[in-house]
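Residue numbers (our numbering): 92 to 243. Glycine included, every Cβ here is placed at the ideal spot set by N, Cα and C.
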């Protein structure tokens, strides 16, 4: 009668332990761990000769000349285009022998590293701007773009 009386006046009765067994790790799905590595990077390197390393998914490789083209990186053997899907984003890469940077409608910053330098130089590119850099200027130095960041 004592426990019945306590339950009636608002004191909860003790709950029993859950008898359900924990899930079997062999049949449970694995945990997802985001590495931010660019998907298909090995195939892109083989087919296009550019290395795309890591990013947040807001800057993706695109076909040049398409309506989605928003960033273009000119290099000695052609150009590479990227589509932007947000106000911010980043992508690390290695694109060699770059001589020009162009933006359609998103401002961005390109991290450009001369062959003989240890630290990259930032180039801020405004919407609608084209800028000659490195081999496309009087200095003529050989450079690589090692990253781009969307800045607005």
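request  = Could you spell out the range, first to last residue, of the alpha helix (DSSP H) harbouring residue 133?
outcome  = Boundaries of the alpha helix (DSSP H) harbouring residue 133: 132 to 139, taken from the DSSP string.
query = Tell me which same chain residues have a C-beta within less than 8 angstroms of the C-beta of residue 171, skipping the five on either side of it?
reply = 139, 141, 152, 155, 163, 164, 186
key: The beta strand (DSSP E) enclosing residue 156, as first and last residue numbers   = Unbroken run through residue 156: none, as it is neither H nor E.
ask   = Does DSSP put residue 86 in a helix, in a strand, or in coil?
value = The shown model of the chain, from 92 to 243, leaves out residue 86, and the question about it has no answer.
message = Does the stretch 183 to 199 come into contact with the stretch 141 to 150, if we say contact requires no fewer than three beta-carbon pairs (one atom in each stretch) closer than 8 angstroms?
response = By the C-beta criterion, the stretch 183 to 199 is judged to be in contact with the stretch 141 to 150, since at least 3 inter-stretch pairs fall below 8 angstroms.
ask   = Just how far apart, CA to CA, sit residue 132 and residue 180?
value = 18 angstroms
request  = Compare the C-beta of residue 225 against all C-beta atoms of chain C and say whether one is closer than 8 angstroms.
outcome  = No chain C is present in this structure, which holds just one protein chain.
task = Have a look at residue 235 and residue 167 and give me their C-alpha separation to the nearest angstrom.
result = So the two alpha carbons sit approximately 11 angstroms from each other.
request  = Might you give, ordered along the chain, the residues of its own chain that have their beta carbon closer than 7 angstroms to the beta carbon of residue 243, omitting 5 neighbours on each side?
outcome  = 178, 198
Of the residues 207, 232, 146, the one placed nearest residue 174, counting alpha carbons only = 146
ask   = Looking at residue 214 and residue 203, is the spacing between their C-beta atoms short of 8 angstroms?
value = yes
ask   = If we call anything under 8 angstroms between Cβ atoms a contact, is residue 205 one with residue 225?
value = yes
task = Using DSSP bridges, identify the partner residues of residue 189.
result = 166
ask   = Since residue 239 contacts residue 149 with CB under 8 angstroms, what's their CB separation in whole angstroms?
value = Between residue 149 and residue 239 the Cβ distance is about 11 angstroms, and since that is not below 8 angstroms, they are no contact.
inquiry  = If I measure Cβ to Cβ from residue 196 and keep anything under 8 angstroms in the same chain, skipping five residues before and after, which residues do I get?
reply    = 161, 218, 219, listed in sequence order.
ask   = Taking just the CA atoms, how far does residue 208 sit from residue 201?
value = 16 angstroms
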